[in-house]
Amino acid sequence: MKKSTKQKIFESSVRLFSKEGYNGVSMREIAKDVGIKESSIYNHYKNKEEILSSLLDYFAETLTAYRPNEEEIEKMLNYMSVEDVFKQLIISFGKSLNGTLDAIARIIYTEQFRNEKAKKLMLENMISEPSRFITKVLKIMYRKNLIKDIDMKLIADEYNYGLLALTFEYAHAVNNEEDTAPVIKKMFKHVSFICEYIKLD
Numbered sequence: 703m704k705k706s707t708k709q710k711i712f713e714s715s716v717r718l719f720s721k722e723g724y725n726g727v728s729m730r731e732i733a734k735d736v737g738i739k740e741s742s743i744y745n746h747y748k749n750k751e752e753i754l755s756s757l758l759d760y761f762a763e764t765l766t767a768y769r770p771n772e773e774e775i776e777k778m779l780n781y782m783s784v785e786d787v788f789k790q791l792i793i794s795f796g797k798s799l800n801g802t803l804d805a806i807a808r809i810i811y812t813e814q815f816r817n818e819k820a821k822k823l824m825l826e827n828m829i830s831e832p833s834r835f836i837t838k839v840l841k842i843m844y845r846k847n848l849i850k851d852i853d854m855k856l857i858a859d860e861y862n863y864g865l866l867a868l869t870f871e872y873a874h875a876v877n878n879e880e881d882t883a884p885v886i887k888k889m890f891k892h893v894s895f896i897c898e899y900i901k902l903d
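Sequential numbering from 703 applies to the sequence shown in my numbering.
Here it is in C-alpha cells:
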C-alpha cells in the first residue's frame with residue numbers, strides 16, 4: 703500500500719529526530735528527506751512542534767497495544783507459572799518495540815529535559831503506568847495464592863526500574879546493530895530474581 707505524504711513526513715521525522723536530535727533537524731531537512739518542497743509539509747503539520755507531538759501521541763497509544771489485559775493475565779495463570787507470565791510480558795513488550803517505537807523512545811529520552819510532553823510521557827507512560835500494571839498483576843497472583851504476601855508497590859517499582867534500564871540497553875544494541883540476545887537474557891534473569899523473592903515459602 704502506498705504511503706501518504708503525512709506518513710512519510712512522520713517516518714522521516716522519527717528517523718531524523720532520533721539520529722540528530724529534535725533541535726538538530728529543520729523542516730527543510732525533513733522535506734528533503736521525504737522528497738517534497740518545504741512548503742508542502744505545512745499542508746499536514748503546522749510546525750515542527752506538531753510533528754513531535756504526533757510522534758509522542760503515537761508512542762503513548764502504541765506502547766501497551768501488545769500487552770495482555772488483566773482478564774488475560776488471570777487465564778494465563780491457570781496454565782503458566784508466575785515466572786513464565788512475567789517472561790511473556792517481556793516478549794509482548796518486545797513485540798511492541800518496532801523500529802518506530804524504539805526510535806521515538808530515544809527521542810523521548812533526549813527531549814524529556816526540554817519538552818514538557820516528553821517529560822510527562824517518560825514519567826507516566828514509561829515509569830508510573832507500567833508499575834501500576836505490575837502491581838495489578840502481583841495482586842492477581844496473590845489472590846490466586848501463587849506468591850507470598852509482599853509490598854506489591856515496592857516490588858512492582860523494583861521490577862519496572864530494572865526493566866526500564868535494560869530497555870535502554872536493548873535500544874542501544876538495536877541502534878548499534880548489535881546482538882540483542884545478551885540483553886534479553888539479562889531481562890529474563892531480572893525476572894527470575896524477582897520471582898525467587900516473591901515465591902511462596
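The C-beta atom is built at its ideal place from N, Cα and C for all residues, glycine as well.
Owing to the predicted nature of the structure, the values given are computational and were not obtained by experimental measurement.
Annotation for N725: no alpha helix (DSSP H) segment contains it, and DSSP assigns it neither H nor E.
For E776, the CB contacts under 7 Å within the same chain, skipping 5 residues up- and downstream, are I842 in chain order. Ranked by Cα distance from I857, the options L840, R845, Y844 are led by L840. Put simply, the stretch 803 to 819 touches the stretch 707 to 726. At least three CB pairs are less than 8 Å apart. K789 sits in a helix when the DSSP states are folded into three classes.
Assignment of I900 by DSSP, reduced to helix, strand and coil, places it in the helix class. By the Cβ criterion, the stretch 827 to 841 is in contact with the stretch 857 to 866, since at least three pairs of Cβ atoms, one from each stretch, lie closer than 8 Å. For the set D903, L866, S741, M824, the Cα lying nearest the Cα of I792 is the one of L866. If you draw a straight line from the Cα of E879 to the Cα of K855, it comes to about 35 Å. M729 is the residue among M729, L825, K891, K887 whose C-alpha sits nearest the C-alpha of Y744.
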